[in-house]
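Participant:
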Amino acid sequence: MALHPRHSSQLSSSSPFFSRTRPDNSQTLLCVSHLRWNFVRQRPQHLLSRAAQGYEVYFVEEPMFRLDAIPALELQETADGVTVAIPILPSGVNALQATRLQRRLVTDLVERIAPEKLLLWYYTPMALPFTRHLSADVVVYDNMDELSAFLGAPPRTLALERELLRRADVVFTGGHSLYEAKKGRHANIHPFPSSIDKAHFGKARAYGGQEPADQAGIPGPRLGFFGVIDERMDLELVARAADLRPDWRFVMIGPVVKIDPDILPQRPNLHWLGGKDYDELPSYLAGWDVGVMPFALNEATRFISPTKTPEFLAAGVPVVSTAIRDVVRGYGQDGLVVIADTPEDLVLKAERLMTAPRADWLAAVDRKLAADSWDRTWSEMNAHIRAAARAASRPRAARSEEVAADAARL
3 MALHPRHSSQ LSSSSPFFSR TRPDNSQTLL CVSHLRWNFV RQRPQHLLSR AAQGYEVYFV
63 EEPMFRLDAI PALELQETAD GVTVAIPILP SGVNALQATR LQRRLVTDLV ERIAPEKLLL
123 WYYTPMALPF TRHLSADVVV YDNMDELSAF LGAPPRTLAL ERELLRRADV VFTGGHSLYE
183 AKKGRHANIH PFPSSIDKAH FGKARAYGGQ EPADQAGIPG PRLGFFGVID ERMDLELVAR
243 AADLRPDWRF VMIGPVVKID PDILPQRPNL HWLGGKDYDE LPSYLAGWDV GVMPFALNEA
303 TRFISPTKTP EFLAAGVPVV STAIRDVVRG YGQDGLVVIA DTPEDLVLKA ERLMTAPRAD
363 WLAAVDRKLA ADSWDRTWSE MNAHIRAAAR AASRPRAARS EEVAADAARL
């Protein structure tokens, strides 16, 4: 087994990856995630980049498979101070072999880091089979989505989540709806809805730079969406809205995942621009008249708390959304986001937003977002983590014995 940085040879335990000076009183945070660090900047990146100011953070992604690969962890330093660890596995291994290889790679990583204290942070319960043997001072489950409801979710997701909820010392949820669904399943669970980088998205309000080339030639009025385009988007609603207003332009930004790109509706006024860099987003939003969040109302969206809601607001872009529960309760009832039920309703309300005065709305938005920030969210989460660490009554050795039986199964 090898651990190596990208485009470099095997790391030794004396490598800078394993000999960096840790901040005073810090511990190592090992996160296992179903999302890739460089995919879309969202909740994990916002939180863990802040965690890296006081913890040594390792972010373990899902494996990548390469023909004839020697099993290894590819380590990448990010500008945020997080070390991304990508398991590289040979193509053709089965699920059990992949689990065993990941277990060995993660074990090797932890042994080389040799942390005095280990905080184990989960974004997916599917990581339990190759991490349940690790002895952690604190186990955190940041339950940002109901993964079991997503397209392609493994059948074991719910069973593994039940195990993770038993093991976790503290649980966070990505919104209030998800909190209400899970609050009876853990004694130390706290809701933390999507937060906001106001300074970043606020650039759109007074953007004076050059418009992005692929948007500059699109006439107005423009309605825009940004985010992952998957089974959670109501593509029929998007197509029908575009048909109802052929003189409007719908600018759709984001990578297409888990669905066939060929099923995306094609219209002269529908523009699928693909994924964009996080730093580019304000320059796109600055050119939109209205933001749209055309989510389907299904099991996959039942508990979502879209990060883009406060991001649209911080950018000063009025928003019309379908009736996602956390959007309705968190923003719709306050008059900050307009809720639409049908394509006809969406275009009617978007038309009103285009001509409505914005001064009072912007003032209300700023009041709503005034105390909201990822810095504050991380600070409050970290307080819960430290409280859980103080409350832990069992030493790591005892916890290790407790999970030995489960670990022996692999």
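Heads up: the sequence shown at position 248 corresponds to 250 in our numbering, and the numbers run straight through without jumps. For every residue, glycine included, the Cβ atom is placed at its ideal position computed from N, Cα and C.
#1: Let me make sure I understand the geometry here. Which of 306, 346 and 280 has the alpha-carbon closest to that of residue 195?
#2: Quick one, are the C-beta atoms of residue 86 and residue 39 less than 8 Å apart?
#3: What three-state label does DSSP hand residue 328 in the structure shown?
#4: Going by C-alpha to C-alpha distance, which of 276, 343, 173 and 315 sits closest to residue 374?
#5: Report the residue from 337, 187 and 99 whose alpha carbon sits nearest the alpha carbon of residue 164.
#6: Alpha carbon to alpha carbon, what distance is there between residue 291 and residue 230?
#7: By how many angstroms is the C-alpha of residue 137 removed from the C-alpha of residue 203?
#8: In this structure, what does DSSP give as the bridge partners for residue 142?
#9: Please report the residue range of the beta strand (DSSP E) in which residue 311 lies.
#10: Beta carbon of residue 322, beta carbon of residue 352: below 8 Å?
#11: Rounded to the nearest angstrom, what separates residue 32 and residue 335 at their Cα positions?
#12: Which ranges would you report for the alpha helix (DSSP H) in the region 22-93 if only whole runs of at least 4 residues count?
#13: For residue 47, count the other beta carbons within 10 Å of its own beta carbon; 16 or more makes it buried, fewer makes it exposed. Which is it?
#14: Nearest to residue 181 by CA position, among 151, 215, 144 and 159, is which residue?
#15: Helix, strand or coil for residue 427, going by three-state DSSP, please let me know.
#16: Under the DSSP definition of a beta bridge, which residues are partnered with residue 229?
#17: Going by C-alpha distance, which of 146, 199, 213 and 34 is nearest residue 183?
#18: I need the DSSP call for residue 392, collapsed to helix, strand or coil.
#19: Taking contact to mean 3 or more Cβ pairs, one atom from each stretch, closer than 8 Å, check whether the region 250-270 and the region 203-212 are in contact.
#20: For residue 198, which of helix, strand or coil comes out of DSSP?
#21: Nearest to residue 262 by alpha carbon, out of 70, 233, 63 and 210?
#22: Taking the alpha-carbon of residue 329 as reference, which of 209, 197, 393 and 390 has the nearest alpha-carbon?
#23: Helix or strand or just coil, what does DSSP make of residue 221?
#24: Taking the continuous alpha helix (DSSP H) assigned at residue 242, which residues delimit it?
#25: Output the distance between the C-alpha atoms of residue 168 and residue 179, rounded to the nearest integer angstrom.
#26: So what's residue 203 in DSSP terms, helix, strand or just coil?
#27: Work out the CA separation of residue 332 and residue 362 for me, nearest whole Å.
Facilitator: By the coordinates alone:
#1: 306
#2: yes
#3: helix
#4: 315
#5: 187
#6: 21 Å
#7: 40 Å
#8: 123 and 172
#9: Looking at the DSSP string, residue 311 is not in any beta strand (DSSP E); the run it does join, the alpha helix (DSSP H), is 310-316.
#10: yes
#11: 38 Å
#12: 45-53
#13: buried
#14: 144
#15: Outside the modelled stretch of the chain, which goes from 3 to 412, sits residue 427, for which no answer is possible.
#16: None, per the DSSP bridge assignment.
#17: 146
#18: helix
#19: no
#20: coil
#21: 233
#22: 197
#23: coil
#24: 237-246
#25: 21 Å
#26: helix
#27: 18 Å
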